[in-house]
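To start, the structure under review is shown below, and the notes come after it.
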C-alpha cells in the first residue's frame, strides 16, 4: 500500500489504534463504515483502505490482498484483535 497519500478507515477507534501501533506516513480518513471506506477508495485514486474482516469469507479476504487491490480486509475479525497477538507485544515491549 505504499505510495498512497490517504488511508481510509472505518472508525475513530481504528484511527487511534493504528496511530498508536505504527508511525503512519500518510493521512488517515475516518469514513464511518466498511461500505463508505470502499466508496471513498473507489472515488479517490490516491486513497487506499483498511477494513475489518467482520464475517467475510476467507476467499474474499485473500482476494482483497491481490495485485491492484486498494482496499485490504484484515485477516482478523477487527483491528483490535491484533492487540492480542504475542508478536505485537514482543515487538513493542507492551504488556
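Residue numbers (the working numbering): 1188 to 1282.
Idealized CB from N, CA, C, for every residue including glycine.
Would you kindly work out how many angstroms separate the C-alpha atoms of residue 1266 and residue 1259, rounded to a whole number? Using only the alpha carbons, I get a separation of about 12 Å.
Considering only C-alpha positions, which residue in the set 1219, 1220, 1201 is nearest to residue 1211? Closest option to residue 1211, Cα to Cα, is 1201.
Taking C-beta to C-beta, are residue 1233 and residue 1192 nearer than 8 Å? Yes, Cβ-Cβ distance for residue 1233 and residue 1192 is below 8 Å.
Would you give the residue range spanned by the alpha helix (DSSP H) that residue 1230 belongs to? Annotation for residue 1230: the continuous alpha helix (DSSP H) segment containing it runs 1221-1230.
Given that a residue counts as buried once 16 or more other Cβ atoms are within 10 Å of its Cβ, and exposed if not, what is residue 1253? The residue is exposed, with fewer than 16 neighbouring Cβ atoms inside 10 Å.
Going by beta carbon distance, what residues of the same chain come within less than 8 Å of residue 1271, once the five residues before and after it are set aside? Taken in chain order, the list of residues that qualify is empty.
Status (buried if at least 16 other CB within 10 Å, exposed otherwise) for residue 1249: Of the other Cβ atoms in all chains shown, fewer than 16 fall within 10 Å of the Cβ of residue 1249; this residue is therefore exposed.
Report the rounded CA-to-CA distance for residue 1133 versus residue 1251, giving the unit in angstroms. Nothing in the structure corresponds to residue 1133, since the chain is present only between 1188 and 1282.
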